[in-house]
Amino acid sequence: MTLDDLLALLPDNSSGQISPADMRTIVTELYNDANPAYINVVNQGPATLAVNAAFTPVPGTTAYPFTVDDAQDVQFVLSTNVDSMVNNNQIQVGLDLTGATVVPVGSKPEQVLLVGGKQQVQARLEVTFIAHLAAGTTNIAVKYTAQAAGAVLSAMAVIAAVVSNQ
């Protein structure tokens with residue numbers, strides 16, 4: 120609801136009456152704008168990864184439901200410790216969005232962490248991006264690919280927060 124919509128609910132003060140329903144709408148909208156929806160989920164792991172060429176859910180994680188009443192711009196942060204454990208192991212970790220908004224993991228390269236190479240890698244990785252979510256519940260799942268078995272993810276965190284009211 121825009122500011123003009125909220126102001127339209129207020130009378131011109133000639134009668135001094137504001138209906139309880141209009142007052143509830145105003146207070147609710149202002150509260151929701153001041154306290155946007157967010158999730159902050161941490162999974163300490165560790166999660167040991169098997170070989171997977173296709174994106175697969177990270178062991179020990181589940182999809183996290185994130186609900187917005189109206190279409191919103193949401194900022195996502197994915198953060199994790201990665202240990203490739205062996206040489207020549209390339210690992211990708213990303214978020215898969217399903218439900219009200221669908222953005223398959225890997226469909227947007229800027230939303231995926233990629234680590235690995237000729238030697239073992241131990242690193243703390245983070246990716247931040249903004250996506251426009253449709254109204255309703257979007258399920259957020261952490262998925263991965265790995266070229267070799269045994270890589271470990273730990274201290275995984277997913278944060279999603281509304282950054283604008285559209």
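For what it's worth, this note's numbering labels the leading residue of the sequence shown as 120, then goes sequentially.
The beta carbon of each residue, even a glycine, is placed where N, CA and C say it ideally should be.
Would you give the residue range spanned by the alpha helix (DSSP H) that residue i belongs to?
i	result
Pro-139	139 to 153
Measure the C-alpha to C-alpha separation of residue i and residue j and round it to an integer number of angstroms.
i	j	result
Leu-252	Val-224	15 Å
Leu-233	Met-275	15 Å
Leu-197	Ile-145	34 Å
Leu-216	Ala-153	25 Å
Gly-164	Leu-125	46 Å
Phe-248	Val-193	8 Å
Ala-254	Ala-166	32 Å
Asn-171	Ala-280	30 Å
Gln-136	Asp-189	29 Å
Val-246	Lys-237	23 Å
Ile-210	Val-187	31 Å
When you compare the CB positions of residue i and residue j, do they come within less than 8 Å of one another, or not?
i	j	result
Leu-214	Val-282	no
Thr-257	Thr-199	no
Val-240	Ser-273	no
Val-205	Ala-267	yes
Leu-168	Ala-270	yes
Asn-207	Ala-265	no
Tyr-183	Ile-278	no
Ala-250	Val-222	yes
Val-177	Leu-244	no
Start and end of the beta strand (DSSP E) containing residue i?
i	result
Asp-188	Segment: none, Asp-188 is in no beta strand (DSSP E) and carries neither H nor E.
Gly-255	255 to 265
Ala-173	171 to 176
Gln-211	208 to 218
Gln-230	Looking at the DSSP string, Gln-230 is not in any beta strand (DSSP E), and its letter there is neither H nor E.
Ala-250	241 to 252
Under 8 Å by Cβ, that's how I've got residue i and residue j pegged, so tell me the actual separation to the nearest angstrom.
i	j	result
Tyr-263	Val-212	5 Å
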